[in-house]
Each structure stands twice: as structure tokens, then as C-alpha cells.
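Start counting the sequence shown at 9; every next residue gets the next number (our numbering).
Structure first, commentary second.
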Amino acid sequence: MAEKISFDLVSPEKLLLSGRADMVTVPGTEGYMGVMAGHAATVTTLRAGMIDVSSDGKDDRYFIRGGFAEINATKITVLADEAIPMSDLDLAVLDQRIADAAEDEIAAKSDSERQRAAQYLEDLKLVRAAF
């Protein structure tokens, strides 16, 4: 039996999940990253996307708007700007966020603002496609 890793998902409002998992996949700034027991110590920023928590053949998914992950060999802690279980995510709300992000990209006043808005829009569309 494979060793499990402890996992905490914390939003500004509350602790959403605390448990043990076979693997946790997080949306790192450089791309999605799978974390298992024995992972090298890392602190990374997170972009908008989905966290997938796999344990005993079951997957729980959460939408996050960004944040940070602190990882070591035995534990991963995600401090999310916003976190919502995918089962609770309203498609109409997600579609509105996509529309708002598209407007923000158009209204951006600098290249860096436009690039951030475009990345956020792309991340939201990937989450939408996962439904």
C-alpha cells in the first residue's frame, strides 16, 4: 500500500478539507503539479484552476482562484484566495466570471495587466471544460 500525504485546503473563510491522500494535483503557476508522499520541499504560487485530491480510488475536486502551496515530504498545505468544491460550483456563476475576465482583458491598460487577465480567462475556460 502506497504511503499517503497529509493535505489541508484553507480558504480565507475556513478550512475546507483536512485529510490524507494518495496524490494531490494543484494548478501551479508553471502548470499542474502532482504531489505525493516523499515530494521535495517546495513553496509555489497557484493560479486559478482545479485541485484534484485522489484517495482510495475516489477524486474530490475544488475550484481555486489562486493562492500558495507549501509542500514537504509528508504534507501539502494550500492557502487559496478562494476555494469552492466543484460539486457546489454554479455554472452560471462560472460563465459570468469568464465573461468578466474577457472584459478585463479588453480593458487592461498595460501589457502585464492584459497578460494576467488572459491567463485568468484561459484558466477559467479550462475549469469550465472540466464540467
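Beta carbons are placed, not taken as given, at the ideal position from N, Cα and C, and that holds for glycine.
Predicted model, so just to flag it, every value in this text is computed and none were measured.
| message | Check whether the stretch 21-32 and the stretch 97-117 are in contact - that is, three or more C-beta pairs closer than 8 Å. | response | Fewer than three pairs of CB atoms, one per stretch, sit closer than 8 Å, so the stretch 21-32 makes no contact with the stretch 97-117.
| field | Through-space distance from residue 122 to residue 64, alpha-carbon basis | value | If I take the Cα positions, the gap works out to 41 Å.
| said: To test your reading of the DSSP string, which unbroken alpha helix (DSSP H) runs of 4 or more residues are found completely within the stretch 82-137? | reply: Fully enclosed alpha helix (DSSP H) runs of no fewer than 4 residues occupy 99-115 and 119-137 of the stretch 82-137, in order along the chain.
| task | Please classify residue 37: does DSSP put it in a helix, a strand, or coil? | result | Of the three classes helix, strand and coil, the one that applies to residue 37 here is coil, per DSSP.
| Environment of residue 139 [buried if 16+ CB atoms lie within 10 Å] | Label assigned to residue 139: exposed.
| said: At the level of alpha carbons, what is the spacing between residue 49 and residue 80? | reply: Those two C-alpha atoms are separated by around 4 Å.
| said: At the level of alpha carbons, what is the spacing between residue 84 and residue 131? | reply: Here the alpha carbon of residue 84 sits roughly 22 Å from the alpha carbon of residue 131.
| field | Reference residue 107, options 97, 125 and 117, closest by Cα | value | The residue with the shortest Cα to Cα distance from residue 107 is 125.
| said: Pairs of beta-carbons, one from the stretch 35-43 and one from the stretch 88-102, closer than 8 Å: are there three or more? | reply: No: fewer than three Cβ pairs fall under 8 Å.
| task | Would you mind reading off the limits of the beta strand (DSSP E) that contains residue 78? | result | Bounds of the beta strand (DSSP E) holding residue 78 are 75-79.
| task | Using only alpha-carbon positions, find the residue among 73, 28 and 16 that is nearest to residue 10. | result | Among 73, 28 and 16, the Cα nearest to that of residue 10 is on 28.
| Continuous beta strand (DSSP E) stretch holding residue 28: start and end | Residues 23-29.
| query | Count the other CB atoms within 10 Å of the CB of residue 67; is the residue buried (16 or more) or exposed (fewer)? | reply | For residue 67, the number of other beta carbons within 10 angstroms of its own is below 16, and it is reported as exposed.
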